[in-house]
């Protein structure tokens, strides 16, 4: 089946620094990828839709200048958390729809971010 | 038993028992439903899906039941094993959108 990877799997940073998270589709191309945030013991909340070659679409309440998304190729989307603060600490997960069926979503393993 | 509160609902079962995880969805226009399993520190994994023109679908050890009248979805796991311990999310989609809306999630704990 299709595989989505994320890097890094976890990151600890100081408050005020920026952190970049990569999402890659390993054996298929993805013109669209999705970024989710998940707080402990809560569900996944969609943050934004990453579109290859164009601007990302952000969900209501998500600051686009805070969470920069770049989808430079058909296999890579990046999420940069700028000037991270402790409240940005969360589990960030990306996903990509399958090629055969747009309804099937393949999720990455997630990136745990801890901002001190 | 099952408990619901401010924290994630939890279902505790004994190994070998059958588990039933429930989900209420909100959008009557939803026409596609998915169950995901999420182990601690990992991304969600697809388990089984069902379209709105069906009321039951079976997989390996899992069965999904859909009741559109009351907007209720359930996941039944037969002969539950310790490896089934995880958080289970239902998700719904409507129309041509391929972005699922995730439900609250239920934590399944299987005691050996």
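Residue numbers (my numbering), protein chains in the order written: chain V, 1 to 116; chain U, 117 to 228. Even for Gly, the Cβ is constructed at its ideal location relative to N, Cα and C. Computed from a predicted structure; not experimentally measured.
Original post:
Looking at residue 29(V) and the ligand MG, is the gap between the Cβ and the nearest heavy atom below 7 Å?
Top reply: Because no ligand of any kind appears in the structure shown, any question about the ligand MG cannot be addressed here.
**OP:** Give me the Cβ distance between residue 76(V) and residue 69(V), rounded to the nearest whole Å; I'm assuming they're in contact under 8 Å.
**Re:** Contact doesn't hold; Cβ gap of about 11 Å is too wide.
Original post:
Closest Cβ-Cβ distance between residue 93(V) and chain U: below 8 Å?
Top reply: For residue 93(V), the answer is yes, since a Cβ of chain U falls inside 8 Å of its Cβ.
Subject >> Neighbouring residues, chain V, relative to residue 153(U) (Cβ below 8 Å) >> reply: In chain order: nothing, as chain V lies at least about 11 Å away.
Subject >> Length of the line joining the Cα atoms of residue 64(V) and residue 11(V) >> reply: In this model, residue 64(V) and residue 11(V) are separated by some 21 Å (Cα to Cα).
**OP:** Report yes or no: do three or more beta-carbon pairs, one from the region 205 to 214 of chain U and one from the region 141 to 155 of chain U, lie closer than 8 Å?
**Re:** Yes: the two stretches touch, three or more of their Cβ pairs being nearer than 8 Å.
Original post:
Which runs of the beta strand (DSSP E) spanning at least 3 residues fall entirely within the region 128 to 158 of chain U, listed in chain order?
Top reply: Counting whole runs of 3 or more residues, the region 128 to 158 of chain U contains the beta strand (DSSP E) stretches 135 to 140, 146 to 154.
Original post:
Thinking C-alpha only, which one of 16(V), 14(V), 88(V), 30(V) is nearest residue 74(V)?
Top reply: The shortest C-alpha separation from residue 74(V) is found at 30(V).
Original post:
Given that residue 34(V) touches chain U, what residues does it touch there, using C-beta distances under 7 Å?
Top reply: Here the neighbours are 215.
Original post:
What's the call for residue 171(U), buried or exposed, on a 16-neighbour Cβ count within 10 Å?
Top reply: It is exposed - the Cβ of residue 171(U) has fewer than 16 other Cβ atoms within 10 Å.
Original post:
Are the C-beta atoms of residue 149(U) and some chain V residue less than 8 Å apart?
Top reply: For residue 149(U), not one C-beta of chain V is nearer than 8 Å to its own C-beta.
**OP:** State yes or no: is the C-beta of residue 131(U) within less than 8 Å of the C-beta of residue 198(U)?
**Re:** A contact, by the Cβ cut-off of 8 Å.
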